[in-house]
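Comments concern the structure below.
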Amino acid sequence: MTNSDDTVKTMLRNKLLGRWAAERLGLTGLDAETYAEGFAKGANDPANSDVFSKIHRDFEAAGIAESDERILNVMTELTLKAGNLIPTAQGDSTSAAAVTLARKLM
Numbered sequence: 001m002t003n004s005d006d007t008v009k010t011m012l013r014n015k016l017l018g019r020w021a022a023e024r025l026g027l028t029g030l031d032a033e034t035y036a037e038g039f040a041k042g043a044n045d046p047a048n049s050d051v052f053s054k055i056h057r058d059f060e061a062a063g064i065a066e067s068d069e070r071i072l073n074v075m076t077e078l079t080l081k082a083g084n085l086i087p088t089a090q091g092d093s094t095s096a097a098a099v100t101l102a103r104k105l106m
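In my numbering, the protein residues as written are 1 to 106.
Put into structure tokens, the structure is as follows:
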């Protein structure tokens, strides 16, 4: 995987993670999607890339009891899932990965 593929994988993982967290927070519809999008965009922004801490803070603020271990396990599961969703065909894998990401996120 190239660095671009890693970025796409992280964006996809963060989007899936954002959706998981949004569901736990009781967010639905546009609110949930906006929350998840913020996580996906954070993959390219070092100041917002610590999704674990953000989820931990958001859960704590909402009174949701979720262990750090559980959050980390979900992050690992979704990292693996994101990796499986990215094509491994030769050629311009970054473009293919971006197309796949766009399709999966819609």
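Note that CB positions come from ideal geometry on N, CA and C, so glycine has one too.
Local conformation of residue i per DSSP, three classes
i     : result
GLY18 : helix
ALA40 : helix
LEU25 : coil
ALA65 : coil
ILE86 : coil
THR7  : helix
Span of the alpha helix (DSSP H) around residue i
i     : result
ASP58 : 51-62
Beta-carbon separation (whole angstroms), residue i vs residue j, contact threshold 8 Å
i     : j     : result
PHE52 : LEU72 : 7 Å
ARG24 : ILE64 : 6 Å
LEU78 : LEU27 : Wrong, their Cβ atoms sit about 17 Å apart, outside the cutoff.
LYS15 : ILE86 : In fact, because the Cβ distance is near 13 Å, the residues do not count as touching under 8 Å.
Review point. Is it true that the segment 60-80 meets the segment 32-39, where meeting means three or more beta-carbon pairs spaced less than 8 Å apart?
Key: no
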